[in-house]
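Participant: One point on numbering: in our numbering, the residue at position 111 of the sequence shown is 188, and numbering is uninterrupted.
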Amino acid sequence: DGGSGVLVARDEETGKWSEPAFYVLGGLSFGAQFGGEASEVIIMAMTQGALEKLYSSSFKLGGDISYAVGPHGGAGVEGATSANLNADFLSFSRSRGVYLGISLEGSLISVDDDANEAYYGKKVRPVDILVTKSVKNKHSDGLRQAIMTAIK
78 DGGSGVLVAR DEETGKWSEP AFYVLGGLSF GAQFGGEASE VIIMAMTQGA LEKLYSSSFK
138 LGGDISYAVG PHGGAGVEGA TSANLNADFL SFSRSRGVYL GISLEGSLIS VDDDANEAYY
198 GKKVRPVDIL VTKSVKNKHS DGLRQAIMTA IK
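#1: Kindly indicate which residue of V204, M121 and V188 has the alpha-carbon position closest to the one of S134.
#2: When burial is assigned at 16 or more other CB atoms within 10 Å of the CB, is E96 buried or exposed?
#3: If you follow the beta strand (DSSP E) that V101 is in, where does it begin and where does it stop?
#4: Using a 10 Å radius around the Cβ and a threshold of 16 neighbouring Cβ atoms, would you call K230 buried or exposed?
#5: Which residues bound the beta strand (DSSP E) around S211?
#6: In chain order, what residues of the same chain lie with their CB nearer than 8 angstroms to the CB of I206, ignoring the 5 residues before and after it?
#7: Buried or exposed: where does I120 fall if 16 or more other Cβ atoms within 10 Å of its Cβ makes it buried?
#8: Rank G92, E90, E89 and Y100 by C-alpha distance to the C-alpha of G80 and give the top, closest one.
#9: My guess is that T124 and D190 are in contact by the Cβ rule of under 8 angstroms, so how many angstroms apart are they, rounded?
#10: Please work out which residues of its chain come closer than 7 angstroms, Cβ to Cβ, to S217, disregarding the five sequence neighbours upstream and downstream, and give them in chain order.
#11: DSSP on S217, reduced to helix/strand/coil?
This is the structure in structure tokens:
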């Protein structure tokens, strides 16, 4: 099992959000499922090293990069513990239906080159999107506005 997702980064100086970079998460493993319909997983890059790993073509969680599991379930996201904040990545999940568990250990996060190319109209790397900011798509404005609204 797995899924797809986007990465946006906030510029610390301007407070503005980047264009999205598209990724695929493979090897996601859920525990016993009872009537589960869908699950949303948020994986937050908590360190500069974590963000730099996302510039590479792919890497595994739990290998040379640490992650911590935050609260899971249908009740929403709760606060992270200070111990979790030392991890490179912090994950949260929310489900519709009932899931008993989730494991990201060994999950492979890969750049979705096809989605990035389709969205930007040419081959691009995450560093082009997130660091040099050399590509833009006018359709990203809605996503950035939704993020700003959600974090207020």
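In this text, a Cβ means the ideal position worked out from N, Cα and C, and glycines have one as well.
Facilitator: Per the coordinate set shown:
#1: Closest option to S134, Cα to Cα, is V188.
#2: E96 should be labelled buried.
#3: A98 to G103 is the extent of the beta strand (DSSP E) around V101.
#4: Since the first and last residues shown for the chain are 78 and 229, residue 230 lies out of range.
#5: Per DSSP, S211 belongs to no beta strand (DSSP E) and is neither H nor E.
#6: Excluding its 5 nearest sequence neighbours in each direction, I206 has C-beta neighbours in its own chain below 8 angstroms: S95, E96, P97, A98, N193, Y197 and V212, listed in chain order.
#7: Residue environment for I120: buried (at least 16 other C-beta atoms within 10 angstroms of its C-beta).
#8: Distances from the CA of G80 to each of G92, E90, E89 and Y100 were compared; the closest alpha carbon is that of Y100.
#9: T124 to D190, Cβ: 25 angstroms. No contact.
#10: Listed in chain order, the non-local C-beta contacts of S217 below 7 angstroms within the same chain comprise E96 and P97, local neighbours out to five positions each way being set aside.
#11: Helix at S217.
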